[in-house]
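Single-structure report; data block below.
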Amino acid sequence: MIVLWGYFNKVLDIYKNISKPNPSLLAFCLYNIGLIFYQQKQYEKAWKNFEKALRNQNDVLSCNRDLLTNIHSSLSMVFKDLGEYQKAMEHAQQALEIATNIIEFNNEQIEIYQKSINQLKEKINEQ
């Protein structure tokens, strides 16, 4: 985990010194740093990195739809773990919407997103 952390931080440092930065690369690095924080249960830091990744990915005209789906899915997991079920459901729905429009996405993954949305709806109704 520490090796990955160092790797993505090094990439971010290099990225900052590039004259024509690539927003997709930055989004990818921020997403992976967010995953590391999520694994460490540092949900606030994970959330901030996922949000930054999402902003960078949304700025790209031809965005990486797989990455965008993964960012929304990860934000959904973070908000679920923080008990913010409405926000979690919104991001899960966005992940599902994007995934259903990607031909390469498999039905199994789409079913997982749908199941997650149903579970979040139950949590919201319990509140």
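Per full-length UniProt numbering, residue 1 is the first one in the sequence shown, and the count goes up by one each step.
Cβ coordinates follow ideal geometry from the N, Cα and C atoms, glycine included.
These numbers come from a predicted model, not from an experiment.
Taking the C-beta atoms as reference points, Y31 is found no nearer than 8 angstroms to V78. Scanning its chain for C-beta atoms nearer than 7 angstroms, with the 5 sequence neighbours on each side dropped, one finds around L68 the residues Q57 and I98, in chain order.
S74 and N49 have their C-alpha atoms roughly 10 angstroms apart. Membership of I36 in the alpha helix (DSSP H) is indicated by the continuous run P23 to Q39.
When the alpha-carbon of E111 is set against those of A95, E126 and Q86, the nearest one is in A95. Around N101, the same chain offers R65 as residues with beta carbons nearer than 8 angstroms, after the five sequence neighbours per side are excluded. Cβ atoms of A92 and L120 come within 8 angstroms of each other, at about 6 angstroms. When secondary structure is reduced to three states using DSSP, E126 falls in the helix class. Per DSSP, the continuous alpha helix (DSSP H) segment holding N56 begins and ends at Y43 to N58.
Around the beta carbon of N70, 16 or more other beta carbons lie within 10 angstroms, which makes this residue buried. By the neighbour-count criterion, in which a residue is buried when 16 or more other Cβ atoms sit within 10 angstroms of its Cβ, K80 is buried. DSSP, read as helix, strand or coil, puts N101 in coil.
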